[in-house]
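Beneath this line is the structure, given in structure tokens, with notes to follow.
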Amino acid sequence: MFRVSGDAPEAVFSGGAGAAERTRRLRPVPPPAAPVFRAPSVDIAEAEEFLRLFHAENPVDTPIQHRLARMRYEVETIGTYRHTAEELAYGAKVAWRNSARCIGRLYWRSLKVRDLRDVHTVSGVAAHCVEHLRMATNGGKVRPVISVFPPETPQRPAPRIWNEQLIRYAGYRNADGSVLGDPRYVRFTEAVTGFGWRAPARRTGFDPLPLVVETREEGAHMFALPPDAVQEVPMTHPELPWFAELGLRWHAVPVISGMRLSIGGISYPAAPFNGWYMGTEIGARNFADHDRYDLVPVIAERLGLDTSREDTLWRDRAMVELNRAVLHSYQQAGVTITDHHTESHRFLTHLEKEEAAGRKCPVDWSWIVPPMSGSQTPVFHRYYDTEASGPNYYADEVATHRALAGGPPHFT
Ligand code: ARG
Numbered sequence: 131m132f133r134v135s136g137d138a139p140e141a142v143f144s145g146g147a148g149a150a151e152r153t154r155r156l157r158p159v160p161p162p163a164a165p166v167f168r169a170p171s172v173d174i175a176e177a178e179e180f181l182r183l184f185h186a187e188n189p190v191d192t193p194i195q196h197r198l199a200r201m202r203y204e205v206e207t208i209g210t211y212r213h214t215a216e217e218l219a220y221g222a223k224v225a226w227r228n229s230a231r232c233i234g235r236l237y238w239r240s241l242k243v244r245d246l247r248d249v250h251t252v253s254g255v256a257a258h259c260v261e262h263l264r265m266a267t268n269g270g271k272v273r274p275v276i277s278v279f280p281p282e283t284p285q286r287p288a289p290r291i292w293n294e295q296l297i298r299y300a301g302y303r304n305a306d307g308s309v310l311g312d313p314r315y316v317r318f319t320e321a322v323t324g325f326g327w328r329a330p331a332r333r334t335g336f337d338p339l340p341l342v343v344e345t346r347e348e349g350a351h352m353f354a355l356p357p358d359a360v361q362e363v364p365m366t367h368p369e370l371p372w373f374a375e376l377g378l379r380w381h382a383v384p385v386i387s388g389m390r391l392s393i394g395g396i397s398y399p400a401a402p403f404n405g406w407y408m409g410t411e412i413g414a415r416n417f418a419d420h421d422r423y424d425l426v427p428v429i430a431e432r433l434g435l436d437t438s439r440e441d442t443l444w445r446d447r448a449m450v451e452l453n454r455a456v457l458h459s460y461q462q463a464g465v466t467i468t469d470h471h472t473e474s475h476r477f478l479t480h481l482e483k484e485e486a487a488g489r490k491c492p493v494d495w496s497w498i499v500p501p502m503s504g505s506q507t508p509v510f511h512r513y514y515d516t517e518a519s520g521p522n523y524y525a526d527e528v529a530t531h532r533a534l535a536g537g538p539p540h541f542t
């Protein structure tokens with residue numbers, strides 16, 4: 131079933147230890163004889179709604195009736211239609227604008243959209259994911275970027291990226307049941323190990339996992355990320371020298387690769403996108419959640435806090451120092467990051483702008499309110515519109531399962 135490769139184009143996978151990663155073909159897989167999948171025909175009403183929105187919000191020369199007629203003709207003959215480059219770019223931005231769980235939407239217009247709809251090979255997709263990392267990281271001045279690979283069509287299914295994010299850390303289960311690394315990815319790590327991925331000789335809690343890219347024609351392949359495409363930040367604390375000894379680090383850019391971009395009835399399952407981090411995502415969740423790195427008790431002990439009783443609020447105190455360390459470290463490293471107070475205010479600015487433009491802004495309170503000091507941020511103290519419509523990003527159940535379990539393959 132699996133072929134393991136590191137055979138992306140030289141130009142991208144050059145330099146660093148990643149380039150030395152050799153292609154290891156485990157078992158050749160003949161392509162399936164008959165198409166195993168047919169995407170349903172595009173919903174014309176949804177396509178029309180999007181095209182009308184595009185024409186209403188953008189200066190377009192083509193009269194809307196012409197555009198709609200062409201779309202209908204295409205859908206009636208081949209079951210799908212092709213977005214213009216401008217429609218695609220706008221659709222990806224509006225999908226961000228409509229993302230009810232994202233607090234960072236003030237900058238939705240600045241999204242850089244990479245139109246990669248003609249990249250059909252697994253090595254091409256992997257190479258462009260690496261290029262995405264370099265563009266988005268931008269030496270630390272993080273840029274919001276999306277790379278849009280081919281859509282799902284009745285003629286040809288879209289490529290799949292299995293990973294939840296382009297960069298995630300392996301989780302290794304120890305004999306005593308504890309985990310080295312990110313417990314969220316223990317199953318994914320076990321799966322790719324089964325496919326032939328080799329963990330570094332000296333395992334750490336922060337070993338980037340390989341990318342797994344699958345197409346119907348080629349099956350699933352693994353690609354090691356070139357280390358120089360993975361910028362990381364070592365954790366230090368502004369006042370506590372011992373913090374550095376914990377050896378913590380995190381990647382500079384979160385590139386979500388497990389969500390499907392949906393625009394006007396067309397699905398783009400492979401469309402990795404990123405913004406920059408808000409500190410609490412790392413300090414109050416990735417490092418702090420009980421089922422992730424679970425570091426709050428570790429920090430509390432180093433701080434010498436009384437952990438024998440909950441009402442000393444040792445958890446809260448340790449969490450604050452952990453989050454100060456995250457913000458401090460990214461700033462020291464020159465990597466873009468924002469704090470939850472600043473971001474909450476920016477989000478209210480975004481809401482005001484959307485209201486002034488006569489639009490509704492869908493908001494999921496439970497995601498927008500930060501995971502620490504919620505009531506200290508203005509986003510806590512109000513109600514919001516909740517229903518979203520139009521372009522959006524979706525976490526499909528099967529894709530999420532594949533991202534956590536490392537399978538099963540999409541095309542069998
Ligand atoms: N919370 C996720 C993480 O910790 C990232 C989600 C997207 N975040 C963002 N700032 N764009 O990796």
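All residue numbers for the sequence shown refer to my numbering, where the first residue is 131 and numbers rise by one. Glycine is no exception: its CB is placed at the ideal position from the N, C-alpha and C atoms.
Residue i: first and last residue of the uninterrupted beta strand (DSSP E) it sits in
i      : result
TRP380 : 379-381
SER397 : 396-398
ALA350 : 349-353
PRO364 : 362-364
ARG202 : Run containing ARG202: none in the beta strand (DSSP E); it sits in the alpha helix (DSSP H), 194-208.
SER253 : That residue, SER253, is in no beta strand (DSSP E); its alpha helix (DSSP H) goes 252-267.
LEU341 : 341-345
ILE276 : 275-278
ARG532 : Not the beta strand (DSSP E): ARG532 falls in the alpha helix (DSSP H), residues 527-535.
Ligand 2 heavy atom lying under 7 Å from the CB of residue i
i      : result
ASN416 : Looking at this structure, you won't find ligand 2 anywhere; what it does contain is ligand 1.
Start-to-end residues for the alpha helix (DSSP H) that takes in residue i
i      : result
ASN453 : 444-463
ARG332 : Per DSSP, ARG332 belongs to no alpha helix (DSSP H) and is neither H nor E.
ILE412 : Premise fails: ILE412 is in no alpha helix (DSSP H) and is neither H nor E.
GLY324 : 316-324
SER496 : 495-498
ARG244 : No alpha helix (DSSP H) contains ARG244, which is instead part of the beta strand (DSSP E) from 242-245.
LEU481 : 470-486
Assumed close pair residue i, residue j - CB separation to whole angstroms, cut-off 8 Å
i      : j      : result
VAL343 : VAL255 : 5 Å
VAL278 : VAL224 : That pair is no contact at about 13 Å.
ALA400 : ALA288 : 6 Å
ILE233 : GLU473 : 5 Å
GLU348 : THR251 : 7 Å
VAL385 : PHE403 : 7 Å
Cβ-heavy atom distance, residue i to ligand 1, below 7 Å
i      : result
TRP406 : yes
PRO384 : yes
ILE412 : yes
GLN295 : yes
GLY234 : yes
Validate contact between the region 479-486 and the region 202-215 using beta carbons, cut 8 Å, 3 pairs:
Under the Cβ criterion (8 Å, minimum of three pairs), the region 479-486 does not count as touching the region 202-215.
Three Cβ pairs or more, each shorter than 8 Å: is that satisfied between the region 253-270 and the region 293-309?
Between the region 253-270 and the region 293-309, the count of Cβ pairs shorter than 8 Å is three or higher; the stretches touch.
With contact counted as at least three CB pairs below 8 Å, one residue from each stretch, are the region 310-329 and the region 418-437 in contact?
Segments in contact, yes.
Three or more C-beta pairs under 8 Å: does that hold for the region 515-530 against the region 491-501?
The region 515-530, when compared against the region 491-501, does touch it at the 8 Å Cβ threshold.
At least 3 beta-carbon pairs within less than 8 Å: the region 266-284 vs the region 496-516:
Verdict: no, contact absent.
Across the region 382-396 and the region 175-182, are there enough close Cβ pairs to call them in contact, namely three or more that are closer than 8 Å?
The region 382-396, when compared against the region 175-182, does touch it at the 8 Å Cβ threshold.
Three-pair Cβ contact test at 8 Å for the region 365-374 versus the region 456-466:
Verdict: yes, contact present.
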